[in-house]
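Down below is the structure, laid out as structure tokens.
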Amino acid sequence: MAEGELLIRNGVVYDPINGVKGEKKDICIRDGKVVEEVKNPKVIDAEGRVVMPGGVDIHSHIAGAKVNAGRLFRPEDGRKGVKARTKVCRSESGYSVPNTFATGYRYARMGYTFVMEAAMPPLAARHTHEEMVDIPILDNAALPLIDNNWMTMEYVKSGDMDLLAAYIAWMMKATKGYGVKVVNPGGTEAWAWAKNCDLNDEVPYFDVTPAEIVKNLAVANEKFEMPHSIHVHGNMLGHPGNYEVTTSTYDLVKGIKPYRDRPAMHATHTQFHAYGGTRWGDFESKAGAIADYINKNEHVSIDLGSIILGDTTTMTADGPMEYSLYQITGRKWTNHDVELETGSGITPFLYSGKSPVNTIQWAIGQELALLVKDPWKLALTTDHPNAGPFIGYPIIISMLMSKRRRDESAEDMHKVIFDRAEYSSIDREYDLNEIAIITRGMAAKTLGLHEHGKGHLGVGADGDVAVYDMSPEETDAGKIQKAFLNTKYTIKGGEVVVKDGEVVATPAGKTYFVTPECDDKLTDEMLVKLKDKFEHYYSVNFNNYPVQDAYVPNPYEIKAPWRS
Amino acid sequence: MEELIEGEEKMQTIRLKIKEEVTNGAAKIPVEVDSLTPDKLAGKTEAEIKAVKVWWGNKEENTGDLFDVSVEGEAGSAEEVKIVLEGDLSRVKRIGDGMKAGEIEALGDVDMHCGAMMSGGKITVKGNADCWAGREMHGGELVIEGDAGDNLCAMYRGEMTGMTGGKVVVGGNAGECIAQNMAGGEIVIKGNVDILTGLNMKGGKITIEGDAVMPGADMTGGEITVKGKVLDMMPSFRLEGTESIESEEYKKYTGDLAMTEKKAKGVLYVK
Amino acid sequence: MIKMGTKVNLISGRTIVQGQNLDNKLSEAYFNEVATCELNESDMEKLGVAADGHVKVKTNYGEVVVKAKEKAGTPEGVIFIPMGPWANALVSGDTHGAGMPSFKGIDAEIEPTEEEVLQVKALMKTYME
Amino acid sequence: MVEITDVVCSLCGCVCDDIVVEVEDNKVTKVKKGACAVGKSKLMGHGRIEEPAIRENGNLKDCSYDEAIKKAAEILAASRRPLLYGWSSTVCEADKVGVELAEEIGAVIDNTASVCHGPSVLAIQDVGLPSCTLGEVKNRADLIIYWGANPAAAHANHMKRYSYISKGYWTEEGKKNKKLVVVDVRRTPTAKMADVFLQIEQGKDYLVFSALRALLYGYDDVVPEEVGGISKKDLLETVKMMKEAKFGIIFFGMGVTHTRGRHNNIVNAIETTRAAHTHTKFSIMPMRGHYNVAGINQVCTWETGFPFAVDLSRGYAWYNPGEISATDLLIRRECDAALIIASDPGAHFPGESIRHLSKIPVIQIDPFPNPTTEFADVVIPAAISGVEAEGNVYRMDNIPIRLRKLVDTEYLADEEIMKSILEEVRAIKEKEGE
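Protein chains in written order, with the numbering used here: chain A, 2 to 565; chain B, -1 to 269; chain C, 6 to 134; chain D, 1324 to 1757.
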């Protein structure tokens, strides 16, 4: 946070959380926060340019064990993005798996100031935090994986929802995490025996189904005033015909009453879950079916996981899915199963516009955005780096804003785009207000961060602002893309961090984490079981497990009381 | 510029002789000359060439401070440029790195990455070349009159593909893992090779006139011919029979079955 | 180099006492453990060395004197010197483009000797000449 | 007397964290539980480098920390090709400053992985690594293969805590329902415990892996009767055990990385794991040596993009083991100054490379005197991480664990020393008007 005053003058402001849709407006910042007025400010002239709150990414893999395993095993990706250090910046490397410094700089250049690391293996939480601290500029948080945990499955089996909640609370505190992450529930545990689970299969040895895990975690999560819902990567990701599994997963939380005005489930990287067909040969888009569901229901929000063409590094806690992908490509494959908790897989992948499957995937990601009517229900992501690196966001923005751009892209792709996807028949074009919603407003609200100053520019909000070098009337998709890749200014906590696309300051970001408040008696009861797990099955001692305060030097704690 | 009579070739020879003081210290710090290719020097005057920056350790220096530079003739394009490197070149790295056209002649032993990523033109090394000569080569010609080090014509770390095109001839022996992940082009080694020639190769042709150790491991395509002895033949190749090449009997193997039958499309000829 | 002794294959590696004295390399305990060479019984006999007798090991990269130790389970023709300064006087620095020296599988020659085993400080001095 | 529990061992890659020690008068007086003989020796302590020192006329002369740090900074700031080497026996916090210093002075930064499991990293870059945490092995593994690894000597608690002898959820009866296969050149103490010991001919590992793969894929017809000293019958028996296992794991050590074939032996070991994985669950893991060698690989990777052997001379990273790795730089006499921290090339590098190291200015940062001290020009004593200083380390399976501080010390921690050197270097550069 910078001390002093800053005035961003005459910009055309898009601040959807506060209902500001392209108004010429000044933004005043004092000591890092948005205020009504300033007296002796430094002035930034934003005359006629698009101004938005700092971007908020709801789902991106930027830090931790598997991200770094991805970097480590892809020196050929590392060498793609090298850039020498400057007086201000450390050296950059990598394209789909950029180093920590490049991650911070590149997001900041796009006007983003908050990123959610989407999967933190609890046993390796220290690692995630070590990297997050090393990412300059960005505020961040991480979602611990709680779904394949033996503790979770045992409580799901016994039906002890309060004890499950106590376990969630303990894990949130032990990992300094932000919310409950679910990845291929049950399937990742099954993968430890080289098996996988569909939604209603029994998890080997645990006598529960993935559906039960999801539902019970949602129930337990809502026992607290959690800012975020459960965050779900469902079963059968990436399998042709999975869209019905997807909507059945959504159905699981129907009727669960969330703590506040957000859905009870956030379903992530939906592109990978909106597949029709029965095999790759008759693979087709089912974005329409998914969008229909989202349009008719209020209990699920989604993010896109939109494809960026080119080479990338796929990585997920969904071990069996990465194995299938590796079997298709024959490229290198890393797997890392984590005792009692989770797993992960990593393999490089090339999305090619010549491939019918990749072409349909490309269509699906954008179709979802175009067919879901209410942009407040979705966020722009590429599930970085799974569907492509985050620096591809401006490509997707330009596609959503320009039917002409989409038509041009379709011409360059495999012809299946015309008959196994709706892509070319959709005319909708996003306006800048809608872009502001899917790149900051929706994510901030869904994560409950708008109450903590993120994703908007109301008085009291963080002084995080992006000034894009474009007029609101711009229709040239190429220019739009360019403007969203490198801001005119990015301001973080009142400090100019990017000017004319160059990083000029690198303040440290904050780590946001949630502390659910749980009854001691419940916690003690839960701990009996948990300590037994440590004594017999974990390879790390109970007392060495929780993330120490030293790992979170710039903490931002959000308390989540037990709901009465 | 003087108008040329049609058909007459212009030619420019740039002589770069490394200064003794660069190479005779207690530490032999390499000079990296990726900025001194025919493509990058074409059209430059002697003074301009002297001012081209090269990396020497962690500092950029003027070419003229590290090399004695002399230029004869003139050239309009890279094809018309010949660079002659002289002196102790054993710590001169990245000679001809990325070159597309023209010619480089190195009069002595050269350091690593000579001809790396070259796609055209010709490099002749009058001595030995250290590791990674011809790394990720796409085209052109690389002649090493002495020995070549390890990883000749291999890929960069982690890349799927090594050499894809061009021709490489080594007069002497070559080191370990040459032509790893090779996908195209041709390599001839007049002497012996160390372990794992053509490791994981997918295409292209390698001829070893001397002996080889464990050639062809993990190959899925391409062809290796060993005219000398094979030491430690891979245990995962299938003997298909014999074939006559240049009127000599060769055993023909296919492999590598360790990659599974479906992928084992490599051919290994052994005398 | 004129080769005089018996041809063997040299490997180096960890031992438990070497590990215990990893932070204690100037000690007698380290010297007694690491400045040694393990051979099997028949190789010991062939060389005519008794336990703790001194042997000189030579390779293309250097030579060093160490104490011989009989060790069952060592194959014939293989000698083992615990990783450390004495073994490293003999190994090849050629990393074959992989960064890793050749710590194992070095052609060596071994012969009995009356020469003393150098202490670690004296051994290091030889590099400074 | 105070008893401290949950002490984390800072010796080998096992990073045991269930140790109990007694501390009296600010000294560890007893290791009561948990540590192996090697770890215990580390916790109890050894003779120290007592004072900072600078070499003058051939002899080390004691000086203050400030003087030693200033001298170190002068050497590094003046260097055209500095090498910063070591980093595996210290904490990640110090490693981070090391990478920053390397960037600041355009240095090569390399760590002990390059002479240990660097080849494993290279292999992972070719084919990836199907692996798991050690607790997975403990709970599930019924087939354990140690290949070129001798944990009985090098990782004494490994079998007890994590593998063959440990008890877990599906392995309640310990070794009773498990099989142990050992592949080694020598009949090591580990080999003596094995159900099956395959005594391999030195340097033939690559061939044996390829044979196993061919057999795992069912091409029995092509594999000859003997490969690398092992009979086809024994290979077939091993393959049968691999296929029949519910959960198999290969642990490999420097017997594979140090020998002919180097990283490609590991590529082949990993390919063997993949082949076995077509039949059942199979994983593989390197037996990392130093307690935080995995950690410096992690830090170096997230900060530069690459795990070791990183050249920052141009201000951005160029990674190339075999060119940029410490041994190569020294043997080729490339570097003109070196900072050695938390490692001992004097003892662990080939003689040829020590020869060059002894001729250039060398800065040593270490708690203990060792062969490197013999030619170091600036010697800076450090606190012992895990005894006198805390910090993060990564176990051999890349699980991060925080070392505890057990006693107080006057010695500076590695992180503090590195920060001071970095500051001093920046001050020099500023003065020079850079």
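Cβ coordinates follow ideal geometry from the N, Cα and C atoms, glycine included.
Neighbourhood of residue i by C-beta, 6 Å cutoff - its chain only, sequence neighbours within 5 removed
| i | result |
| --- | --- |
| T101 (chain A) | E132, D135 and I136 |
| V52 (chain A) | G12, V14 and V468 |
| K203 (chain B) | E184 and E221 |
| E1548 (chain D) | K1555 |
| V1590 (chain D) | A1446, D1449 and V1450 |
| V301 (chain A) | Y251, P264, M266 and A268 |
| L2 (chain B) | Because the pLDDT of L2 (chain B) is 48, which lies under 50, any placement of that residue in the model is unreliable, and the question is left without a value. |
Where residue i meets chain B, residues with beta-carbon distance less than 9 Å
| i | result |
| --- | --- |
| H101 (chain C) | C129, G147, D148, N149, G173, E174, C175, D192 and I193 |
CB contact check: residue i to chain G, cutoff 8 Å
| i | result |
| --- | --- |
| W563 (chain A) | In the displayed structure, chain G is absent; the protein chains listed are A, B, C and D. |
Anticipated Cβ contact below 8 Å, residue i with residue j, distance rounded
| i | j | result |
| --- | --- | --- |
| E93 (chain A) | A103 (chain A) | 4 Å |
| T314 (chain A) | D78 (chain A) | 6 Å |
| L105 (chain B) | V82 (chain B) | 7 Å |
| N236 (chain A) | P205 (chain A) | Wrong, their Cβ atoms sit about 14 Å apart, outside the cutoff. |
| L1530 (chain D) | D230 (chain B) | 6 Å |
| V1716 (chain D) | V1414 (chain D) | 6 Å |
| E1524 (chain D) | G1552 (chain D) | 4 Å |
| L305 (chain A) | T271 (chain A) | 6 Å |
Residues near residue i in its chain [Cβ-Cβ closer than 7 Å; skip 5 each side]
| i | result |
| --- | --- |
| E1739 (chain D) | none |
| E496 (chain A) | A3, A506 and P508 |
| T440 (chain A) | G56 and L381 |
Per-residue contacts from residue i into chain B (C-beta, under 8 Å)
| i | result |
| --- | --- |
| D1659 (chain D) | G23, A24, A25, I27 and G55 |
| S1681 (chain D) | Per Cβ cutoff of 8 Å: no residues; S1681 (chain D) is ~11 Å from chain B at best. |
Residues near residue i in its chain [Cβ-Cβ closer than 8 Å; skip 5 each side]
| i | result |
| --- | --- |
| A175 (chain A) | P123, A126, Y546, P547 and V548 |
| A1376 (chain D) | L1383, K1384, D1385, C1386, A1391, V1701 and V1702 |
| E238 (chain B) | K250, Y251 and T252 |
Contact list for residue i against chain C, beta-carbon separation under 9 Å
| i | result |
| --- | --- |
| K1350 (chain D) | Chain C residues near K1350 (chain D): none, gap ~16 Å exceeds 9 Å. |
Interface partners of residue i on chain D, CB under 7 Å
| i | result |
| --- | --- |
| A94 (chain C) | G1674 |
| M21 (chain C) | Reading off the sequence, residue 21 (chain C) comes out as Ile, not Met. In chain order: A1360, V1361, A1476 and A1479. |
| G258 (chain B) | Reading off the sequence, residue 258 (chain B) comes out as Thr, not Gly. Simply Y1540. |
Listed by chain order, chain B residues near residue i by CB distance under 7 Å
| i | result |
| --- | --- |
| R429 (chain A) | None at all; the shortest Cβ gap to chain B is about 39 Å. |
Closer than 7 Å at the beta carbon, the chain A residues around residue i
| i | result |
| --- | --- |
| F1629 (chain D) | P76 and G79 |
Contact list for residue i against chain C, beta-carbon separation under 8 Å
| i | result |
| --- | --- |
| T1511 (chain D) | G78 |
Neighbour list for residue i in chain A, Cβ cutoff strictly below 9 Å
| i | result |
| --- | --- |
| I58 (chain B) | Residue identity check: residue 58 (chain B) is Glu in the sequence provided, not Ile. The premise fails here: E58 (chain B) is roughly 11 Å from chain A at the closest Cβ pair, so nothing lies under 9 Å. |
Interface residues of chain A facing residue i [CB-CB closer than 8 Å]
| i | result |
| --- | --- |
| R155 (chain B) | P76 and E77 |
At 3 residues or longer, and completely inside the region 119 to 163 of chain B: list those beta strand (DSSP E) runs for me, N to C.
120 to 123 and 139 to 142
Using a Cβ-Cβ cutoff of 7 Å, what residues of the region 222 to 235 of chain B are near chain D? List them in chain order.
D230, M232, P233, S234 and F235
Which of the residues in the region 68 to 90 of chain A, read from start to end, lie with their CB under 9 Å from any CB of chain D?
Shown in chain order are the members of the region 68 to 90 of chain A whose Cβ falls below 9 Å from a Cβ of chain D: V68, N69, A70, R72, L73, F74, R75, P76, E77, D78, G79, R80, G82, V83, K84, A85, R86 and T87.
Given a limit of 7 Å on CB to CB distance, which residues of the region 1634 to 1666 of chain D reach chain C?
P1644, G1645, S1648, T1650, D1651 and I1654
4-residue-minimum alpha helix (DSSP H) runs that sit fully inside the region 1543 to 1625 of chain D, ordered along the chain:
1555 to 1567, 1577 to 1580 and 1585 to 1600
Check distances from the C-beta atoms of the region 319 to 333 of chain A to those of chain D and list, in chain order, the residues that come in under 7 Å.
The residues in question are K333.
Return the chain-ordered ranges of every alpha helix (DSSP H) run that is complete within the region 481 to 557 of chain A and spans a minimum of 4 residues.
With a minimum length of 4 residues, the continuous alpha helix (DSSP H) runs that stay inside the region 481 to 557 of chain A are 521 to 537.
Using a Cβ cut-off of 8 Å, which residues of the region 1447 to 1468 of chain D contact any Cβ in chain A, in chain order?
I1447, Q1448, D1449, V1450, G1451, L1452, P1453, S1454, C1455, T1456, L1457, G1458, E1459, K1461, N1462 and R1463
Length at least 3, wholly inside the region 71 to 97 of chain B: the beta strand (DSSP E) runs in chain order
The region 71 to 97 of chain B contains, as complete beta strand (DSSP E) runs of 3+ residues, the segments 79 to 84 (chain order).
Proximal residues, the region 192 to 217 of chain A versus chain D, C-beta separation under 7 Å
Listed by position, the residues of the region 192 to 217 of chain A near chain D (Cβ gap below 7 Å) are A193, W194 and A195.
Pull out every residue of the region 257 to 287 of chain A whose Cβ sits closer than 8 Å to any Cβ of chain D, in chain order.
So the list is empty, because no residue satisfies the distance condition.
Which of the residues in the region 107 to 140 of chain A, read from start to end, lie with their CB under 7 Å from any CB of chain D?
Answer in chain order: L124, A125, R127, H128, E131, E132 and D135.
Members of the region 1429 to 1446 of chain D that neighbour chain C once the beta carbon cut-off is set at 7 Å
S1437, V1438, G1441, P1442 and L1445
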